[in-house]
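Asks: Protein sequence lines correspond, in order, to chains X and P.
For the first sequence, our numbering assigns the number 28 to the initial residue and increments by one for each residue that follows.
For the second sequence, our numbering assigns the number 28 to the initial residue and increments by one for each residue that follows.
Heads up, the beta-carbon is just placed ideally off N, CA and C, and yes, glycines get one too.
Right, I'll just put the structure down here and ask away after.
There are 2 protein chains.
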Amino acid sequence: MQMSEGVEWALHSCLNLAWAEEGTAVKATQLAAFYELPTAYLNKQLQALVRAGILTSATGPRGGFRLARDPRDIALLDVVTAIEGAQEAFRCQEILKKGPGGRATVDYRKACIVSQAMRRAEIAWRRELAAQTLADLKVQVESKQPRTPEMTRQRIANL
Amino acid sequence: MQMSEGVEWALHSCLNLAWAEEGTAVKATQLAAFYELPTAYLNKQLQALVRAGILTSATGPRGGFRLARDPRDIALLDVVTAIEGAQEAFRCQEILKKGPGGRATVDYRKACIVSQAMRRAEIAWRRELAAQTLADLKVQVESKQPRTPEMTRQRIANL
DNA sequence: GTCATACTACTCGGATAAGAACTGTCCGAGTGGGGTAGG
DNA sequence: CCTACCCCACTCGGACAGTTCTTATCCGAGTAGTATGAC
């Protein structure tokens with residue numbers, strides 16, 4: 028069980044977009060250059076964020092990506108879900124249906140104790156991710172590295 | 028990000044072992060027959076549980092698997108970790124090292140705010156799994172389906 | 001000088017391969033029990 | 001009848017393919033800006 032590394036890329040890219048000049052679109056090439064990432068593949072991840080309504084995109088000259096809404100309204104869970112999909116990590120195959128006393132009509136995704144226990148853990152995970160927004164991370168970084176917004180904008184301008 | 032289905036198999040198999048006659052080893056064939064699972068592949072998962080110290084195994088006639096310790100001392104996290112590995116789902120690649128102002132000597136798995144946020148969520152997940160033991164699940168199932176222990180032992184005897 | 005038009009460079013978007021991980025399968029190593037022969 | 005030995009069936013254990021998902025890449029569709037020419 029390992030998360031796609033695209034999640035890390037997406038989160039950092041969203042943060043950089045949050046620091047970008049307002050009203051300016053940032054190209055995939057620029058976002059990739061930040062951390063020397065493969066441009067085309069990062070572009071794929073950004074497309075997923077667009078489909079999820081987290082980013083907006085524009086083609087042609089002066090095109091690129093920008094945040095679709097205020098960073099306070101973008102939870103980390105939104106970004107993770109956009110990349111990884113909404114399905115749960117633990118996928119109950121309802122093997123109890125084949126077991127002794129198993130009924131084909133019962134929904135074991137709800138009835139199975141094992142499934143319930145695993146779901147409870149995953150809900151706790153999602154709750155933590157839903158509780159934190161891009162704006163929260165932005166504030167935390169800026170309190171540690173006050174020059175980050177300035178440096179980010181400079182880097183975007185010089186690419 | 029999807030968990031191996033072996034986790035579901037392992038959890039249910041451990042529960043069945045907890046219900047088995049004490050002092051009796053259960054063969055992989057029997058555990059597989061419970062839910063019509065592929066024997067050889069389930070065997071592979073059981074071996075992982077043995078390596079993790081959750082089960083003990085014996086070869087030869089009258090051989091098979093049994094729980095290595097009391098179900099109260101086996102947390103769900105132990106089983107999940109045995110199958111999935113101990114590494115975290117979110118793997119911080121420390122891409123900040125390549126970024127503006129990035130220092131190669133800094134351990135960004137600890138310093139990076141994004142990494143911290145993701146780790147916090149994963150710790151919440153692990154905490155939930157560590158808080159529940161096989162014995163807890165056993166009790167919950169028995170209160171809903173009191174005949175489960177009896178039926179399990181019968182099924183083992185008839186295979 | 002102004003406006004419309006065609007062109008060109010640019011950027012995203014989806015379709016297309018390479019690689020890794022998960023899933024599934026097989027045969028050999030080692031063990032324990034039962035049968036057999038000798039005392 | 002008891003005991004020691006040998007043989008055999010049995011079970012796990014690790015090595016070996018098939019399939020799905022992740023990672024990586026490329027080229028085409030569409031757009032905005034610019035230059036050009038006519039009015």
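1. Would you list the one or two residues that DSSP bridges to G91/P?
2. Can you give me, in chain order, the residues of the stretch 117 to 134 of chain X that have a beta carbon less than 8 Å from any beta carbon in chain P?
3. Say whether the stretch 61 to 72 of chain X touches the stretch 32 to 40 of chain X, bearing in mind that this needs 3 or more beta-carbon pairs closer than 8 Å, one atom from each stretch.
4. Is it a yes or a no for the stretch 79 to 92 of chain P touching the stretch 118 to 132 of chain P, going by three-plus beta-carbon pairs under 8 Å?
5. What in chain P is Cβ-close to Q159/X, meaning under 9 Å?
6. Ordered along the chain, which non-local residues of its own chain (more than five positions away) have a Cβ less than 6 Å from that of V77/P?
7. Which residues of the stretch 52 to 86 of chain P have a Cβ closer than 8 Å to any Cβ of chain X? Give them in chain order.
8. Report yes or no: is there a C-beta of chain P within less than 8 Å of the C-beta of W152/X?
9. First and last residue of the alpha helix (DSSP H) that includes F61/X?
10. Using alpha carbons as the reference points, say which of S142/P, I183/P and A162/P lies closest to Q30/X.
11. Three-state secondary structure (DSSP) at A102/P?
12. In the DSSP assignment, the alpha helix (DSSP H) including E169/P goes from what residue to what residue?
13. May I ask you to report which of helix, strand or coil DSSP gives T179/P?
14. Does any residue of chain X have a CB that is nearer than 8 Å to the CB of R182/P?
15. Going by DSSP, what residue range makes up the alpha helix (DSSP H) through Q74/X?
16. Using the beta-carbon of each residue, which ones in chain X are nearer than 8 Å to I140/P?
17. Distance check for P65/X and D105/P, CA to CA, integer angstroms please.
18. Here's the rule I'm using: 16 or more other beta-carbon atoms within 10 Å means buried, otherwise exposed. How should A148/P be labelled?
19. Between E49/P and chain X, is there a C-beta pair that is closer than 8 Å?
20. Got a sec? Which residues, its chain only, sit under 7 Å from L161/X by beta carbon, not counting five neighbours each side?
21. Figure out for me which residue from A144/X, T175/X, F117/X and I110/X has the closest Cα to the Cα of L164/P.
22. My assumption, with CB atoms under 8 Å, is that G87/P sits in contact with V53/P. Please give the rounded CB distance.
23. P127/X and R180/P - do their beta-carbons sit closer together than 8 Å?
24. Using only CA atoms, which one of A184/P, G129/P and A79/P lies nearest to T175/X?
25. Could you run through the stretch 37 to 48 of chain P and flag, in chain order, every residue whose CB is less than 8 Å away from some CB of chain X?
26. Assuming V34/X and E111/X are in contact, meaning their beta carbons sit under 8 Å apart, how far apart are those beta carbons, in whole angstroms?
27. E115/X and R146/X look like a contact to me (Cβ under 8 Å); what is the Cβ gap, rounded to whole Å?
28. Taking only the alpha-carbon atoms, compute the straight-line gap between A151/X and L156/P and give it to the nearest angstrom.
29. At the 8 Å Cβ level, is E3/X part of the contact set with chain P, yes or no?
30. Classify V133/X: buried if its beta carbon has 16 or more other beta carbons within 10 angstroms, exposed otherwise.
Replies: According to the structure shown:
1. DSSP, once it has assigned bridges, lists A85/P as partnering G91/P.
2. Residues are counted here when their Cβ sits less than 8 Å from a Cβ of chain P; for the stretch 117 to 134 of chain X these are F117, R118, C119, Q120, I122, L123, K125, G126, P127 and G128, given in chain order.
3. Taking a cut-off of 8 Å for Cβ pairs, the stretch 61 to 72 of chain X and the stretch 32 to 40 of chain X touch, as three or more such pairs fall below it.
4. With the cut-off at 8 Å, the stretch 79 to 92 of chain P and the stretch 118 to 132 of chain P do not touch.
5. Near Q159/X (Cβ distances below 9 Å), the residues of chain P are A144, R147 and A148.
6. Cβ neighbours of V77/P beyond the five flanking positions: S84.
7. Listed in sequence order: F61, Y62, E63 and L64.
8. Residue contact check for W152/X against chain P: a CB pair falls below 8 Å.
9. Its alpha helix (DSSP H) spans residues A55 to Y62.
10. Going by the sequence as given, residue 30/X is Met instead of Gln. Among S142/P, I183/P and A162/P, the Cα nearest to that of M30/X belongs to S142/P.
11. Residue state, collapsed to three classes: strand.
12. Element bounds for E169/P: L161 to K171.
13. Three-state DSSP puts T179/P in a helix.
14. So, interface residue.
15. Q74/X -> alpha helix (DSSP H) spans T66 to R78.
16. Residues of chain X passing the Cβ test: L164, Q167, V168 and K171.
17. Computed Cα separation, rounded: 37 Å.
18. By the neighbour-count rule (16 or more Cβ atoms within 10 Å), A148/P is buried.
19. Answer no: the Cβ-Cβ gap between E49/P and chain X never drops below 8 Å.
20. Setting aside the 5 residues that flank it on each side, L161/X is surrounded in the same chain by C41, L42, A45, P98 and I101, each with a C-beta closer than 7 Å to its C-beta; the list follows chain order.
21. L164/P has its Cα closest to that of A144/X, out of A144/X, T175/X, F117/X and I110/X.
22. 15 Å between Cβ atoms; not a contact.
23. Against a cut-off of 8 Å, the Cβ pair of P127/X and R180/P comes out as no contact.
24. For T175/X, the nearest C-alpha among the options comes from G129/P.
25. So the close ones are L38, H39 and L42.
26. The pair is a contact, with the Cβ atoms about 7 Å apart (cut-off 8 Å).
27. Indeed they touch by this definition, with Cβ atoms about 7 Å apart.
28. Approximately 10 Å between the Cα atoms of the pair.
29. Since the first and last residues shown for chain X are 28 and 186, residue 3/X lies out of range.
30. It counts as exposed.
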